[in-house]
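Novice: Following my numbering, the numbering of the sequence shown begins with 1 at its first residue and continues without gaps. For reference, the structure I am asking about is given below.
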Amino acid sequence: MNVLVTGADGFIGSHLVEALLVSGHHVRAFCLYNSNGSWGWLDTLPESVKAELEVVLGDIRDPLFVREAMTGCDQVFHLAALIAIPYSYLAPASYVDTNIHGTLNVVQAARDLGVSRVVHTSTSETYGSAQFVPITEEHPQVGQSPYAASKIGADQIALSYWRSFQTPVSVLRPFNTYGPRQSARAVIPTIITQVAAGQRQIRLGALSPTRDFNFVADTCAAFQAIADCDPALGQVVNAASNFEISIGDTASLIGEVMNVQLEILTDEQRMRPEGSEVNRLFGDNTLLRQLTGWKPVYGGLDGFRRGLAQTAEWFSDPANLARYRPGTYAV
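And the structure:
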């Protein structure tokens, strides 16, 4: 198949591109335009998997470029988005432009070109703090940050094209994905990079919130499963591990995995505003399992430990760690 992946230069996008290439697809990778021609994380992929890789540099906010990039593609995985929650407090308009207008560009081009499947990427942040657990797809959506609000809007734009024009759209809603290549704005790389750099006093924000963490390989498998599932058309589907753990306990587990004793220090600049903090995320993956047979390989405490070990090993490689600034707060 000819497949387009938007946001291909990012963390999850680069892993999904790699998985699709290994599966035998021709992949057109849509990366954010830059003047030095960087492909982001795709630059680090082994040459052995790049034979069917085509890279285009552009901007998801440009409808003409999006249409050109999508021409000739059978499936589209739409991952391009601004995702950093703290930055959405500072630049909310850019989140509306990129996440909502960018999604509109994708589904309109898919409609015009007759693309056979669009998988739009949502986020568990659209649920806000859990009102009941485990969180099913019927849970109310609550925008507790400008980022979350923009993703709610993007999800509804995507689904409206299914309802209005029968554009073949599915919405995958991953819970917190982690793994190699993730930005240090996320909590797990924040901890691991500080430890790998030799620090034992780790600076974090709130420790009590819980998260449902998914190893990136499981998230990529969910994308591929939903793309081939006709009953998922017009639906929102969670990709969750069905496992809940607090940020504080996650930090302790990372210390165990990396065989170090950690001291956690509260860093006020890393704290979200009180009404914006999502205090509990614990997802239900029943629908995805029923529709596709998908299940997390890295589920439960044992799976989380294995995923953390692989992630820590990658970040501990000096060549990889050199790409980060351990201990520096990334907005």
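By construction, the Cβ of each residue, glycine as well, lies at the ideal position given by its N, Cα and C atoms.
1. Alpha carbon to alpha carbon, what distance is there between Thr-6 and Glu-47?
2. For Glu-125, is the classification buried or exposed, using 16 other Cβ atoms within 10 angstroms of its Cβ as the cut-off for buried?
3. Report yes or no: do three or more beta-carbon pairs, one from the segment 108-128 and one from the segment 32-47, lie closer than 8 angstroms?
4. Looking only at its chain, what residues have a beta carbon closer than 7 angstroms to the beta carbon of Val-55, apart from the 5 residues adjacent to it on each side?
5. Determine the extent of the beta strand (DSSP E) in which Gln-75 is found, giving its start and end residues.
6. Given a threshold of 16 other Cβ atoms within 10 Å of its Cβ, counted over all protein chains shown, does Glu-244 qualify as buried or as exposed?
7. Taking Ser-35 as the reference, give the member of Gln-141, Leu-57, Leu-288 and Glu-52 with the closest Cα.
8. Are the beta-carbon atoms of Gly-10 and Leu-79 separated by less than 8 angstroms?
9. Note down the Cα distance separating Ser-160 from Val-169, rounded to an integer number of angstroms.
10. For the segment 7-49, list the beta strand (DSSP E) runs that are entirely contained and at least 3 residues long, ordered along the chain.
11. Thinking just about the alpha-carbon of each residue, which of Tyr-324, Thr-328 and Arg-117 is nearest to the one in Gln-166?
12. According to DSSP, is His-120 helix, strand or coil?
13. In this structure, does DSSP put Ala-84 in helix, strand or coil?
14. Going by DSSP, name the residue or residues bridged to Thr-210.
15. What's the C-alpha gap between Pro-296 and Val-22?
16. Could you tell me the boundaries of the beta strand (DSSP E) in which Pro-174 lies?
17. Compute the beta-carbon to beta-carbon distance between Ser-150 and Val-96, rounded to the nearest angstrom, for a pair I have assumed lies under 8 angstroms.
18. Measuring straight from C-alpha to C-alpha, what distance separates Ala-186 and Leu-321?
19. Please classify Gly-58: does DSSP put it in a helix, a strand, or coil?
20. Could you check the C-alpha separation between Val-237 and Glu-274 for me, to the nearest Å?
21. Is the number of C-beta pairs between the segment 137-156 and the segment 199-214 that are closer than 8 angstroms three or more?
22. Between which two residues does the beta strand (DSSP E) holding Thr-98 run?
23. Consult DSSP for Tyr-329 and reduce its assignment to one of helix, strand or coil.
24. Drop a sphere of 10 angstroms on the beta-carbon of Gly-72, count the other beta-carbons inside from all chains shown, and report buried for 16 or more, exposed for fewer.
Specialist: Considering the structure as presented:
1. Mapped onto the sequence shown, residue 47 falls at position 47. Mapped onto the sequence shown, residue 6 falls at position 6. Whole-angstrom Cα-Cα distance: 21 angstroms.
2. Start at 1 with the first residue of the sequence shown, and residue 125 comes out as number 125. So Glu-125 ends up on the buried side.
3. no
4. Reading the sequence shown from its first residue, position 55 is the one you call residue 55. Excluding residues within five positions, the ones whose Cβ falls inside 7 angstroms are Ala-29, Cys-31, Trp-39 and Leu-42.
5. Translated into positions along the sequence shown, residue 75 becomes position 75. Gln-75 -> beta strand (DSSP E) spans 75-78.
6. Stepping through the sequence shown from its first residue, residue 244 is reached at position 244. Under this definition Glu-244 is a buried residue.
7. Position 35 of the sequence shown, counted from the start, is the residue given in the question as residue 35. Measuring from the Cα of Ser-35, the nearest candidate turns out to be Leu-57.
8. To locate residue 10, count along the sequence shown from 1; it is residue 10. To locate residue 79, count along the sequence shown from 1; it is residue 79. Yes, the pair counts as a contact, with Cβ atoms nearer than the cut-off.
9. For the purposes of this step, residue 160 is taken as the residue at position 160 of the sequence shown. For the purposes of this step, residue 169 is taken as the residue at position 169 of the sequence shown. If I take the Cα positions, the gap works out to 9 angstroms.
10. 26-32
11. As a working mapping, residue 166 is identified with position 166 in the sequence shown. Per the Cα distances, Arg-117.
12. The count along the sequence shown starts at 1 and reaches residue 120 at position 120. Here His-120 sits in strand by DSSP.
13. In the sequence shown, residue 84 corresponds to position 84, counting from 1. Of the three classes helix, strand and coil, the one that applies to Ala-84 here is coil, per DSSP.
14. Residue 210 sits at position 210 when you count from the first residue of the sequence shown. BP columns for Thr-210 point to Ser-246 and Arg-280.
15. Translated into positions along the sequence shown, residue 296 becomes position 296. Translated into positions along the sequence shown, residue 22 becomes position 22. Distance between the alpha carbons of Pro-296 and Val-22 is about 19 angstroms.
16. By one-based count along the sequence shown, residue 174 stands at place 174. Looking at the DSSP string, the run of the beta strand (DSSP E) that includes Pro-174 is 169-174.
17. Residue mapping note: residue 150 aligns to position 150 of the sequence shown, counting from 1. Residue mapping note: residue 96 aligns to position 96 of the sequence shown, counting from 1. Right, the Cβ-Cβ distance comes to about 6 angstroms (below 8 angstroms), so this counts as a contact.
18. Numbered from 1 along the sequence shown, position 186 holds the residue referred to as residue 186. Numbered from 1 along the sequence shown, position 321 holds the residue referred to as residue 321. The straight-line gap from Cα to Cα measures roughly 15 angstroms.
19. Along the sequence shown, read from residue 1 onward, the residue named residue 58 stands at position 58. Residue state, collapsed to three classes: strand.
20. By 1-based counting over the sequence shown, the position of residue 237 is 237. By 1-based counting over the sequence shown, the position of residue 274 is 274. Each residue's Cα considered, the two are about 29 angstroms apart.
21. no
22. Taking the sequence shown and counting its residues from 1, one reaches residue 98 at position 98. Premise fails: Thr-98 is in no beta strand (DSSP E) and is neither H nor E.
23. As a first step, residue 329 is located in the sequence shown; it is residue number 329 there, counting from the start. If DSSP states are grouped into helix, strand and coil, Tyr-329 belongs with coil.
24. Counting from 1 along the sequence shown, the entry for residue 72 is found at position 72. By the 10 Å Cβ count, Gly-72 comes out exposed.
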